[in-house]
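**Q** Provided herewith is a single structure, encoded as structure tokens, for subsequent inquiry.
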Amino acid sequence: MDQEYQFDNEKIIEDLYKNTPLLKQYQNELEIHWDEALQSLEKDLKDFYINYLNDYQPINIYQFILFYFFLFSGIFYLNISYQNRNYIELGKKINILENPLLKQKKFEWNSLEVYSIFPLKSENYLNEIFKKEFFPFLRKVILNDTLFLDSNIYDFIENTINYIERKSKPYLEKGTPITLTHFKFEHLEKYIDYLKNLGIYNFVLEIDKYIRSKLKKRDLLIILSYNSFLVMSIGARKEIIYERFKDIYIEIKNVVLDYHLYIENLLGPEDSIKEILFKLKI
Numbered sequence: 020m021d022q023e024y025q026f027d028n029e030k031i032i033e034d035l036y037k038n039t040p041l042l043k044q045y046q047n048e049l050e051i052h053w054d055e056a057l058q059s060l061e062k063d064l065k066d067f068y069i070n071y072l073n074d075y076q077p078i079n080i081y082q083f084i085l086f087y088f089f090l091f092s093g094i095f096y097l098n099i100s101y102q103n104r105n106y107i108e109l110g111k112k113i114n115i116l117e118n119p120l121l122k123q124k125k126f127e128w129n130s131l132e133v134y135s136i137f138p139l140k141s142e143n144y145l146n147e148i149f150k151k152e153f154f155p156f157l158r159k160v161i162l163n164d165t166l167f168l169d170s171n172i173y174d175f176i177e178n179t180i181n182y183i184e185r186k187s188k189p190y191l192e193k194g195t196p197i198t199l200t201h202f203k204f205e206h207l208e209k210y211i212d213y214l215k216n217l218g219i220y221n222f223v224l225e226i227d228k229y230i231r232s233k234l235k236k237r238d239l240l241i242i243l244s245y246n247s248f249l250v251m252s253i254g255a256r257k258e259i260i261y262e263r264f265k266d267i268y269i270e271i272k273n274v275v276l277d278y279h280l281y282i283e284n285l286l287g288p289e290d291s292i293k294e295i296l297f298k299l300k301i
């Protein structure tokens with residue numbers, strides 16, 4: 020592309036650090052390990068990396084942000100794909116069999132897959148950074164990149180996880196448990212087929228009304244689809260929630276709705292919401 024993009028480097032770095040405090044905390048160690056591994060490379064490869072970092076020209080703001088993460092994390096190669104589509108490639112692959120100071124690893128998180136080559140000494144730091152900071156940050160970047168996403172793609176699982184993480188974090192950090200309850204309605208497909216758009220909308224609102232009648236003040240209801248409703252209960256454990264929801268009887272237009280109830284607890288910020296949603300059959 021001939022168009023040149025002008026970015027406010029300081030502002031972007033400031034925003035990056037706000038979202039990735041661990042990256043900022045470990046940056047000195049990561050830089051030392053990167054430089055040590057760099058010195059072990061052959062001259063041509065070493066020159067490539069130095070020139071690459073100096074000459075890289077991003078074509079949009081998302082590439083610019085990810086380049087700085089790549090730079091500060093001390094990674095030699097980064098390939099990011101989303102829903103089996105390549106999103107960005109940074110750096111250059113290295114034959115790690117010829118270099119004991121390097122390691123390759125594939126990080127996977129739901130629809131995201133990141134293949135990376137990095138200094139072996141940085142592994143523990145990067146494991147923590149990827150899990151707690153980079154994947155949530157990367158999700159936001161990709162889900163806001165409308166030029167990359169098809170217009171008909173809406174990854175409700177990713178967005179639901181992001182929402183739960185944001186809402187639950189301050190409570191879990193204080194030791195306040197959170198319970199997630201999934202109402203999974205069965206055998207609705209044939210019934211839904213007879214309804215037009217307005218009918219489906221009203222049908223969902225009816226289910227919404229029944230469930231909300233059992234909610235407490237700090238409960239949040241998330242509608243995932245016409246047959247899938249998720250309740251987030253703050254400060255309540257699994258046993259209490261089960262007693263509250265087990266006897267909900269839902270009847271709409273003389274049709275009694277059959278559903279399964281799946282309930283799981285979040286007890287601390289280290290709990291994996293992805294694994295919890297899997298247990299909830301979402």
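Everything in the sequence shown is counted per the working numbering, starting at 20 for the first residue and increasing by one.
Beta carbons: idealized from backbone N, C-alpha and C, even for Gly.
If you check the beta carbons only, do Asn-129 and Ile-176 fall under 8 Å apart?
**A** Contact flag set, yes.
**Q** Is it buried or exposed, Glu-192, if we count other Cβ atoms within 10 angstroms and call 16 or more buried?
**A** Exposed is the call here.
**Q** To the nearest whole angstrom, what separates the beta carbons of Phe-67 and Lys-125, a pair I think is in contact under 8 Å?
**A** Wrong, their Cβ atoms sit about 23 Å apart, outside the cutoff.
**Q** Taking DSSP as the reference, what is the three-state secondary structure of Tyr-281?
**A** Strand.
**Q** Consult DSSP for Tyr-68 and reduce its assignment to one of helix, strand or coil.
**A** Tyr-68: helix per DSSP, three-state reduction.
**Q** From Glu-55 to Glu-208, what does the alpha carbon distance come to, in whole angstroms?
**A** Straight-line Cα distance between these residues: approximately 60 Å.
**Q** Going by DSSP in three states, Asp-34 sits in which element: helix, strand or coil?
**A** Helix at Asp-34.
**Q** Tell me the DSSP bridge mates of Val-250?
**A** DSSP output for Val-250 lists Thr-200 and Leu-240 as bridge partner(s).
**Q** Kindly list the residues whose CB is nearer than 7 Å to the CB of Gln-46, restricted to its own chain and excluding five residues on each side of it in sequence; keep chain order.
**A** Once the five neighbours on either side are set aside, the close Cβ partners of Gln-46 are Phe-91.
**Q** So Phe-89 packs on Leu-120, CB below 8 Å; how close in whole Å?
**A** Going by Cβ atoms, the distance from Phe-89 to Leu-120 rounds to 18 Å, so no, they are not a contact pair.
**Q** Give me the Cα-Cα distance between Gly-93 and Ile-230, rounded to the nearest whole angstrom.
**A** Going from the Cα of Gly-93 to the Cα of Ile-230 covers about 49 Å.
**Q** His-52: buried (16+ other C-beta within 10 angstroms of its C-beta) or exposed?
**A** Counting Cβ neighbours within 10 Å, His-52 comes out buried, since at least 16 surround it.
**Q** Residues bridged to Ser-130 by DSSP?
**A** Answer by DSSP bridge pairing: none, since Ser-130 is not bridged.
**Q** Leaving out five residues before and five after Arg-237 in sequence, what residues of the same chain have Cβ atoms less than 6 Å from its Cβ?
**A** Excluding positions up to five away in sequence, the list reads Ile-253.
**Q** Helix or strand or just coil, what does DSSP make of Glu-29?
**A** If DSSP states are grouped into helix, strand and coil, Glu-29 belongs with the helices.
**Q** Buried or exposed: Glu-283, going by 16 or more other Cβ atoms within 10 Å of its Cβ?
**A** Buried, because 16 or more other Cβ atoms sit within 10 Å of the Cβ of Glu-283.
**Q** Can you give the Cα-Cα distance for Asp-290 and Leu-276, rounded to whole angstroms?
**A** Using only the alpha carbons, I get a separation of about 32 Å.
**Q** Measure how close the beta-carbons of Tyr-281 and His-201 come, nearest whole angstrom, since I'm counting them as under 8 Å.
**A** Sure, about 4 Å apart at Cβ, within 8 Å.
**Q** Find the nearest neighbour of Tyr-144 within the set Gly-287, Leu-97, Thr-195 and Glu-48, judged by alpha-carbon distance.
**A** For the residues Gly-287, Leu-97, Thr-195 and Glu-48, the minimum Cα distance to Tyr-144 belongs to Glu-48.
**Q** So if DSSP puts Ile-107 in a beta bridge, which residue, or which two residues, is it bridged to?
**A** In DSSP, Ile-107 forms a bridge with Ile-99.
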